[in-house]
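In what follows, a structure is listed as structure tokens, so that the remarks can point back to it.
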Amino acid sequence: MYLKNTVSRCSVILLFAVAAIVLYMYYGIDMNHFNYAMSLRIPKVLAIIIGGVCIASTTVIFQTITHNRILTPGVLGLDSMYVLIQTVIVFTLGSTSTLIVNKNINFIINAVIMIIASMLIYNIMFKRNKREIYFVVLSGMIFGTLFKSGTSFMHMVIDPNEYLALESSMIAGLNNINVDVVLITIVLLVAIVPFVYDDIKYLDVVSLGRENAINLGVDYDRIVRKMFLVIGIMISISTALIGPLTFLGLIVSNIAREVLKTYRHGYMIAGAIFISICMLAGGQFMVQHIFVFETTLATILNFVGGIYFIYILMKEKAL
68 MYLKNTVSRC
78 SVILLFAVAA
88 IVLYMYYGID
98 MNHFNYAMSL
108 RIPKVLAIII
118 GGVCIASTTV
128 IFQTITHNRI
138 LTPGVLGLDS
148 MYVLIQTVIV
158 FTLGSTSTLI
168 VNKNINFIIN
178 AVIMIIASML
188 IYNIMFKRNK
198 REIYFVVLSG
208 MIFGTLFKSG
218 TSFMHMVIDP
228 NEYLALESSM
238 IAGLNNINVD
248 VVLITIVLLV
258 AIVPFVYDDI
268 KYLDVVSLGR
278 ENAINLGVDY
288 DRIVRKMFLV
298 IGIMISISTA
308 LIGPLTFLGL
318 IVSNIAREVL
328 KTYRHGYMIA
338 GAIFISICML
348 AGGQFMVQHI
358 FVFETTLATI
368 LNFVGGIYFI
378 YILMKEKAL
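Each residue of the sequence shown is one higher than the one before, starting from 68 at the first, in my numbering.
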């Protein structure tokens, strides 16, 4: 009965996700230009799904291994690294550089640098502090602060016109999605899923804590190390594809936990992904058809996420 209720709730969330995608794809289409409209919207829908998968799954996993429902992978500093990379390119080569103008090259550079950095940083940290997850998180926060400081310094001395071009390129959104970039991310995700799929079930035990997980026969250190590597890669992919979205993971992971009320991470991750797709598709629909591009997707999600974050803090304090 418990499992049946969880599956039913997850199925309802999936229906909402499908409805949100269908609404976004077909609302307001001029049938005389149907093919052209689809050529623009299908890559955006694929980007929504990829972003939803990466952000939602990594946040649920990250909160499980840190045993904290208000932490997100954003504290590891990869979002700040993305902004720093963009700033360094514009600062040194200018906003008309091929590395900025060519979206394929820009995506590959950002993704490769962030993936390599995350692998180096977290492998070094885990080799020296195999059991201190919070040391890795704290180190990520320090690196994030360092990246932000470097970015702020360059923003102060950069040419104002270059700064405006830089700002427009750093805003998270789906308005300039490139088909080739989407295809690259799909290939990367297809390669990652088999690598981590069999270990998802162990997260049910990892959530009990290190000592309990080891007593129950789970190789806790290996699972955590592997999950941190996957988190670094997937966050790098989503950030390079659609930009940094600070609060999205926090919202969808906590809503999934509240709605599904399950310890099974397979269902929890699936539910969070469906909710993430709903929010991304719904947010982009609002940007295009309600606000008529007068605001951005990141602004809407950060506003909602900020309110929800305050709600979570007040709720935890009340308990």
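Quick reminder that beta carbons are idealized off the backbone N, C-alpha and C, glycines included.
Just so we're clear, the structure is a prediction, and the values are computed from it rather than from any experiment.
Given a length threshold of 4 residues, each whole run of the alpha helix (DSSP H) inside the region 198–224 is given here in chain order: 200–224. Leaving aside the five residues that flank A280 on each side, the residues in its chain whose CB is nearer than 6 Å to its CB run, in chain order, V272, V273 and Y287. If you draw a straight line from the Cα of P110 to the Cα of V249, it comes to about 7 Å. With a cut-off of 8 Å on Cβ pairs, the region 202–210 is in contact with the region 142–151, counting three or more such pairs. Cβ contact annotation for M181 (same chain, cutoff 8 Å, sequence separation greater than five): L145, M148, Y149, I152, G299, I302, S303, T306 and A307, in chain order. It is roughly 19 Å from the alpha-carbon of L256 to the alpha-carbon of K170.
At the C-beta level, T363 and V354 come within 8 Å of one another. One Cα belongs to A323, the other to T139, and the distance between them is close to 15 Å.
In the three-state DSSP reduction, L143 falls in the helix class (H, G or I). In the DSSP annotation of this structure, the continuous segment of the alpha helix (DSSP H) that includes Q351 starts and ends at H332 to F352. Counting along the chain, the unbroken alpha helix (DSSP H) around K293 starts and ends at Y287 to I309. Counting every other CB atom within 10 Å of its CB across the protein chains shown gives F314 a total of 16 or more, marking it as buried. For a cut-off of 8 Å, the C-beta gap from I336 to V127 is around 5 Å, short enough to register as a contact. For S124, the enclosing alpha helix (DSSP H) starts and ends at F101 to T133. About 7 Å separates the Cβ atoms of T154 and H222, confirming a contact at the 8 Å cut-off. Rounded to the nearest whole angstrom, the CA to CA distance from N282 to T252 is 38 Å. H356 and V285 have their alpha carbons spaced roughly 49 Å apart. Counted as a single uninterrupted DSSP element, the stretch harbouring F360 is not any alpha helix (DSSP H), since DSSP gives it neither H nor E.
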